[in-house]
Every structure is written in C-alpha cells, then in structure tokens.
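Counting in the UniProt record's numbering, the sequence shown runs from 1 upward without gaps.
No residue lacks a Cβ here, since even glycine has one placed at the ideal position from N, Cα and C.
Fair warning: this is a prediction, and the values are worked out from it, not measured in the lab.
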Amino acid sequence: MTYSVLLAASYDLKIHAFDLSQGTSLSEFEIANSQANRIYPYMGHKFYVATYNYVFQYDYYSRTKKPNISIVAHDGNVTDLKFNQTCLITCGNDKKIMIWDRSCQLQSKIEVGTTMNSLELLPSGSHCIVACENGTIQTFDIRKTENGCIQKLSISSKPVRSIALSSDSLTLVAATHDGKAISYSVANETLAENYRISTTKEVQTKCSISPDSHFFVTGAADNTAKIWDLKTGELKNSCFGGGNQEWVWDLKFTADSQKLVTGSSDGTCRIWDVASGNLLMEMPRLEKCISALTLIDVCNYNV
C-alpha cells in the first residue's frame, strides 16, 4: 500500500512533509542555505530540490533528513529542473541551461541570453521549452550547445513566470507576470497558439495542468487559484484562500486530477476539490511563506 505525501518548502529553510489524506505533519528535511525554488519528485520516494545555486537530492526514507547528493548547478538561482531518460536538465537566472548525467556530472551547457523561470521537456527527450524573463518562450535542441534554439515566441512585454506541459504532451500553457494565460498546441517540437485569456489583475505566479489533461490552474497574488478548462479556456472554479492579500506561490493536482493542492505566502497549504472548487482541508500553518511544493508516494510514513 502506498501513501500520498505533500512536501512543502518554506522560508524557514525546511521542507515539511504532510500526510495528504489526514493533514498531519510527518517530518522535516533540512535545506540550510536558502529557500527552495522548486521540488521535483523522482523515482517514488526520492526528490530533487532547486535552492539558490544548488540542486539537492533527498530520499524520503533517509533518517538524517539531509541531502544525499549536492551539486553547485548555476552561478545564480536554479529556477527549475526536469529529467529525461538519461539526463538532469536545469535552468537559472544566470541565463544558462545545464545538462547533467545521472551521476550529476555536467555534460554541456546552453547560453540562452536571458533569465529563465520555468522549464518543460518534450517527449523526444532532446528538446526543452523555457519560460523567460524577457517575455519569450523558447524551444531548444539540448543536443546542441550552439544554435540550438528552434523556436522563439515573444508573447508578452512582461516576464513569463511559468509554463506547464500536459501529460499527453499535446498542449502547453504559459502564464505571464501580468495575468495572461496562453494555450499552445504542440506538434513536432513546434508551438501554435490556441487561445489566450486574462486570469487576474494581480501578479500571476504559476500554472499547472491536471494529469488527465482536462484542466489547468493558475495562481496569483490575490490568494486565489483558478481552475480552467484546458480545451476551451473557460473558467471552471475559483479557489479563494481568504481575505488577506497573500500570494499563491505553487500548486499541484493530485494524480487522479480530483484535488488541487496550493501553497501560499501565509504559510498554509490547502487542498481543494477540483469539481466544486470547495476547500477540503488546510495543513498545519507554517510560520513562513510556502515557496514550493510537490506530491510523492511512499510505502511507509514512519521513517
């Protein structure tokens, strides 16, 4: 039997593990140097964390609750990371994409020329899309260290904060700083715009697509996560976290696409029903802001 665990990184320089079904606190993992920018699940009970210029690997079952692997990945903040079959790919505000082998040895790097905020890998495993601070989304062939950009779209005068790729790899959603969400169809490593919508009048922080590819969600500085129909862009539900002016920094659908988890600047992770938009549960409130979250499945809580 497996159990779902919510991992939430906080500005207290820890990653807090919660029982997703009961809402109880399970354990804490040390970060020590800076808040986490991204948490990426890996092989069930392991996970990678991007924090300042480091990438750490943790094992949920580790008794020390400290990283098993530590690499200095970039000259500035590591903003995102993904895996393909053979490599770890990272991006950062040093304007570089880094490609690492499975032993975390640097293989190559790509100079992009602008800070990147988000990264997605295409099914080929050799192409990635990055969301950039200069308002572009760019597609790269990561096998090439020079002249590897195969498509560059200028989509906003403001930064592109987040991108998300559907599980069927047919749709990409981009979320811009000024509250626009843009849907693209993906074919042969090329993007074609489907629609664009206005999601908020506040700063937009993140987007994510449900595993069943039916919905996407956007988070913003109005303490709201909004659930949209992925095919049409129609608003389905708004999940409002309360009256205070808080920021929703990260959000994640559960594997069955029926629930949504959000993490906010008030230190609270909330679980919502996707179909109704109703709040189902709040995790114990942390003292400081939630900066990143993810979900993993484990066989045993008590380690």
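Quick one: is residue i buried, meaning 16 or more other Cβ sit within 10 Å of its Cβ, or exposed?
{"i": "Ala292", "result": "buried"}
{"i": "Pro119", "result": "Correcting the residue identity first, residue 119 is Leu in this sequence and not Pro. Classification of Leu119: buried, given that the 10 Å Cβ count is 16 or more."}
{"i": "Gln35", "result": "buried"}
{"i": "Glu246", "result": "buried"}
{"i": "Pro284", "result": "exposed"}
{"i": "Ala275", "result": "exposed"}
{"i": "Thr64", "result": "exposed"}
{"i": "Ser250", "result": "Note that residue 250 is Asp in the sequence shown here, rather than Ser. By the 10 Å Cβ count, Asp250 comes out buried."}
For residue i, which residues from the same chain have a beta carbon less than 8 Å from its beta carbon, with the 5 sequence-adjacent residues on both sides left out?
{"i": "Ser169", "result": "Leu122, Pro123 and Val186"}
{"i": "Met1", "result": "Cys299"}
{"i": "Thr136", "result": "Thr114, Lys152, Leu153, Ser154, Ile155 and Val160"}
Which of the three DSSP states is assigned to residue i in this structure?
{"i": "Gly233", "result": "coil"}
{"i": "Gln57", "result": "strand"}
{"i": "Gly219", "result": "strand"}
{"i": "Asp19", "result": "strand"}
{"i": "Thr294", "result": "strand"}
{"i": "Ile31", "result": "coil"}
{"i": "Val274", "result": "coil"}
{"i": "Tyr40", "result": "strand"}
{"i": "Gln204", "result": "strand"}
{"i": "Tyr48", "result": "strand"}
{"i": "Ala9", "result": "strand"}
Please check the pair residue i and residue j, which I expect to be a contact at CB under 8 Å, by giving their CB distance rounded to whole angstroms.
{"i": "Ile155", "j": "Ile182", "result": "6 Å"}
{"i": "Ser166", "j": "Leu230", "result": "7 Å"}
{"i": "Ile296", "j": "Tyr60", "result": "6 Å"}
{"i": "Ala174", "j": "Ala131", "result": "6 Å"}
{"i": "Ala164", "j": "Ser208", "result": "5 Å"}
Quick one: residues in its chain with C-beta nearer than 6 Å to the C-beta of residue i, no 5 flanking neighbours on either side, listed in chain order?
{"i": "Ile99", "result": "Cys87, Ile89, Gln107, Ser108 and Ile142"}
{"i": "Asp94", "result": "His74, Asp75 and Gly76"}
{"i": "Ser27", "result": "Ala17"}
{"i": "Thr176", "result": "Ser156, Lys158 and Val160"}
{"i": "Ala50", "result": "Asn37, Arg38, Val78 and Leu81"}
{"i": "Leu20", "result": "Ser4 and Leu6"}
{"i": "Ala225", "result": "Val217, Gly219, Cys239, Val248, Leu251 and Thr262"}
Does the beta carbon of residue i come closer than 8 Å to any beta carbon on chain D?
{"i": "Ala275", "result": "The structure shown contains no chain D; it holds only a single protein chain."}
Residues in its own chain within less than 7 Å of residue i by CB, not counting five upstream and five downstream?
{"i": "Gln57", "result": "Lys46, Tyr48, Pro67, Asn68 and Ile69"}
{"i": "Lys201", "result": "Gly179"}
{"i": "Gly113", "result": "Lys95"}
{"i": "Met236", "result": "Checking the sequence shown, residue 236 turns out to be Lys, not Met. So the list reads Phe215, Ile227, Trp228 and Asp229, once near-sequence residues are dropped."}
{"i": "Asn33", "result": "Thr51, Tyr52 and Tyr54"}
{"i": "Ser195", "result": "At residue 195 the sequence reads Tyr, which differs from the Ser that was named. Cβ neighbours of Tyr195 beyond the five flanking positions: Ser183 and Gly233."}
{"i": "Glu30", "result": "Lys14, Lys65 and Lys66"}
>> Give the list of continuous beta strand (DSSP E) stretches no shorter than 3 residues that lie fully inside the segment 67-128.
In response: If we require 3 residues or more, the beta strand (DSSP E) runs fully inside the segment 67-128 come out as 69-72, 78-83, 87-92, 96-101, 106-111 and 116-121.
> Considering only residues of the segment 115-194, which uninterrupted beta strand (DSSP E) runs meet the minimum length of 3 residues and lie entirely inside it, listed in chain order?
Replying inline: Those beta strand (DSSP E) runs which fall completely within the segment 115-194 and span 3+ residues are 116-121, 127-132, 136-141, 149-154, 160-165, 171-176 and 180-187.
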